[in-house]
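One structure is given below, encoded as structure tokens.
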Amino acid sequence: MAPSSGKVFPDLVLTDHAGNERALSNLVAGDPTIVQTYRGWWCPKEQAFFRKLVALQDEMEVAYTRIVSISIDPPPVTAAFRAGLGARWTFFCDPGRVAQQQLGLLETTDTVYRPYVPAVFTLFPDLTVHRAYDGYWFWGRPTLEELRQDMRTITQAVRPDWAAPTP
Amino acid sequence: MSWHWLALVDERPEDATGAAPVHELDGTAAGFLAIWARRAKPLADARRIDARLLDTDGAEAQISLVRPPPGVRLLFDDLAVQHARRAVLAAPPLDAVTTLLSDASHFEGSLTVARGDGVARLADDPFARIFPARLLHVGAGVVGRLPAPAGPVIERYGSAQPWPQDRFGAAR
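Going line by line, the protein sequences match chains A and B.
Counting from 11, one number per residue, gives the positions in the first sequence under our numbering.
Counting from 538, one number per residue, gives the positions in the second sequence under our numbering.
This is the structure:
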């Protein structure tokens with residue numbers, strides 16, 4: 011079963027788009043994070059959602075917040091897709107579907123590719139799930155405004171100096 | 538401490554934590570690349586780097602060392618420096634990268650480390666679009682390999698920290 015609000019997201023260890031083994035906790039590294047699973051480059055719904063995430067990137071990059079995307083595609087395919095999107099965050103590759111099974115996110119209705127169910131999780135730095143979104147239907151995915159609200163809530167909770175220090 | 542000091546010097550410093558000879562790509566000796574793991578600035582010309590770059594077991598490598606011309610200063614927040622950071626994150630990662638700092642406000646250059654297939658990409662160092670770069674060969678025993686920056690964060694985790702050092706201290 012996919013992690014839900016209040017549960018701890020598994021500290022996945024996977025290969026990134028450049029072929030390096032990485033742990034999710036090292037990518038999160040103390041910042042609020044959006045973890046996204048996606049079917050693959052070929053899905054129009056994923057392309058539409060990635061365009062939103064890439065637009066959000068301009069805010070994420072200055073806000074000490076991170077994004078991690080996960081699919082079954084191998085590093086060469088993932089790296090090409092990432093480059094084409096203009097994404098500057100880390101993509102995880104799970105061609106062996108090990109993490110997919112661990113997360114319970116096999117899309118059973120696609121028996122050809124057996125991709126990830128599209129899902130989005132907003133995480134605290136300790137990997138606790140703030141909100142989980144089931145993106146099987148496109149409108150189940152978070153809007154950018156919902157992601158902003160989640161990042162605000164988590165950031166407010168984890169930054170002791172959220173209220174600007176005063177003289 | 539999340540930053541160390543780096544300098545390119547003529548003689549091997551006895552007090553450096555790590556140092557290795559440096560050569561131009563044509564083999565001409567170019568001094569020593571030295572890193573100091575300490576709080577006090579060791580030399581007037583030393584600059585702060587991401588502390589994770591130091592590896593006294595690090596293999597020989599090629600580097601792109603970007604430094605501003607004498608008398609030239611550029612804010613770290615300048616758009617050109619922002620775009621260079623974005624370009625680094627967008628490209629396939631090399632073995633290591635760090636920006637150089639002397640204070641909390643200014644971009645004082647960068648050091649990018651490559652080995653193997655990555656060496657050819659040093660010629661397209663995004664930071665070399667800002668200031669001149671020297672492509673050099675550095676011996677073993679000073680620079681290591683860092684995990685690629687996770688992205689998409691281009692900001693420093695505190696203005697005294699060289700990018701891409703990627704986390705706040707425990708108090709945050």
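All C-beta atoms in this analysis are idealised placements derived from N, C-alpha and C, irrespective of residue type, glycine included.
Segment limits, beta strand (DSSP E) that includes residue i
{"i": "Ser81(A)", "result": "76 to 81"}
{"i": "Thr43(A)", "result": "43 to 47"}
{"i": "Val603(B)", "result": "598 to 603"}
{"i": "Arg584(B)", "result": "584 to 587"}
{"i": "Arg32(A)", "result": "31 to 33"}
Nonlocal neighbours in the same chain, by C-beta distance under 8 Å from residue i, ignoring five residues either side
{"i": "Val609(B)", "result": "Phe668"}
{"i": "Trp99(A)", "result": "Gln67, Met70, Arg76, Ile77, Val78, Ser79"}
{"i": "Val139(A)", "result": "Pro13, Ser14, Ser15, Gly16, Lys17, Val18, Phe19, Phe131, Thr132, Leu133"}
{"i": "Gln166(A)", "result": "Trp172"}
{"i": "Arg107(A)", "result": "Ile82, Leu116, Arg124"}
Local Cβ density within 10 Å of residue i, reported as buried at 16 or more and exposed below that
{"i": "Gln112(A)", "result": "exposed"}
{"i": "Phe148(A)", "result": "exposed"}
{"i": "Ala708(B)", "result": "Residue confidence for Ala708(B) is low, a pLDDT of 39 falling below 50, so the modelled location carries little weight; the figure read from the coordinates is stated next. Flag for Ala708(B) reads exposed."}
{"i": "Glu56(A)", "result": "buried"}
{"i": "Trp52(A)", "result": "exposed"}
{"i": "Pro607(B)", "result": "exposed"}
{"i": "Met161(A)", "result": "buried"}
{"i": "Gly595(B)", "result": "buried"}
{"i": "Arg61(A)", "result": "exposed"}
Beta-bridge pairing of residue i - partner residues as DSSP gives them
{"i": "Val139(A)", "result": "Leu133(A)"}
{"i": "Cys103(A)", "result": "Thr25(A), Ser81(A)"}
{"i": "Asp144(A)", "result": "Ala129(A)"}
{"i": "Pro558(B)", "result": "Phe569(B)"}
{"i": "Val181(A)", "result": "In the structure displayed, chain A extends from 11 to 177; residue 181(A) sits before or after that span and is not available."}
{"i": "Leu591(B)", "result": "Val680(B)"}
Contacts around residue i, its chain only, beta-carbon distance under 7 Å, and the 5 residues preceding and following it disregarded
{"i": "Pro605(B)", "result": "Leu611, Glu645, Gly646, Phe668"}
{"i": "Gly96(A)", "result": "Val64"}
{"i": "Ala687(B)", "result": "Asp703"}
{"i": "Arg622(B)", "result": "Ile691, Trp700"}
{"i": "Gly676(B)", "result": "Ala557, Pro558, Glu597"}
{"i": "Leu545(B)", "result": "Val559, Gly568, Leu570, Leu602"}
{"i": "Gly150(A)", "result": "Tyr143, Asp144"}
Close Cβ partners of residue i (< 6 Å) along its chain, the five nearest in sequence each way excluded
{"i": "Gly655(B)", "result": "Leu631"}
{"i": "Asn30(A)", "result": "none"}
{"i": "Pro105(A)", "result": "Ile82, Pro84"}
{"i": "Ala650(B)", "result": "Per the sequence presented here, residue 650(B) reads as Val, with Ala not at that position. Ala598, Ile600, Asp632, Ala633, Val680, listed in sequence order."}
Collapsed DSSP secondary structure at residue i in the structure displayed
{"i": "Ile164(A)", "result": "helix"}
{"i": "Ser647(B)", "result": "strand"}
{"i": "Leu570(B)", "result": "strand"}
{"i": "Gly706(B)", "result": "coil"}
{"i": "Leu612(B)", "result": "strand"}
{"i": "Thr635(B)", "result": "strand"}
{"i": "Trp542(B)", "result": "strand"}
{"i": "Val625(B)", "result": "helix"}
{"i": "Val108(A)", "result": "helix"}
{"i": "Leu116(A)", "result": "strand"}
{"i": "Gln619(B)", "result": "helix"}
{"i": "Thr88(A)", "result": "helix"}
{"i": "Ala665(B)", "result": "helix"}
{"i": "Leu580(B)", "result": "coil"}
{"i": "Val690(B)", "result": "coil"}
{"i": "Arg98(A)", "result": "coil"}
{"i": "Val38(A)", "result": "helix"}
Alpha helix (DSSP H) segment containing residue i, residue limits
{"i": "Val656(B)", "result": "Note, Val656(B): premise wrong, no alpha helix (DSSP H); not H, not E."}
{"i": "Leu673(B)", "result": "Counting along the chain, Leu673(B) falls outside any alpha helix (DSSP H), though it belongs to the beta strand (DSSP E) covering 670 to 675."}
{"i": "Pro54(A)", "result": "54 to 70"}
Cross-chain neighbours of residue i in chain E, by beta carbon under 7 Å
{"i": "Arg98(A)", "result": "Included in the structure are the protein chains A and B, with no chain E among them."}
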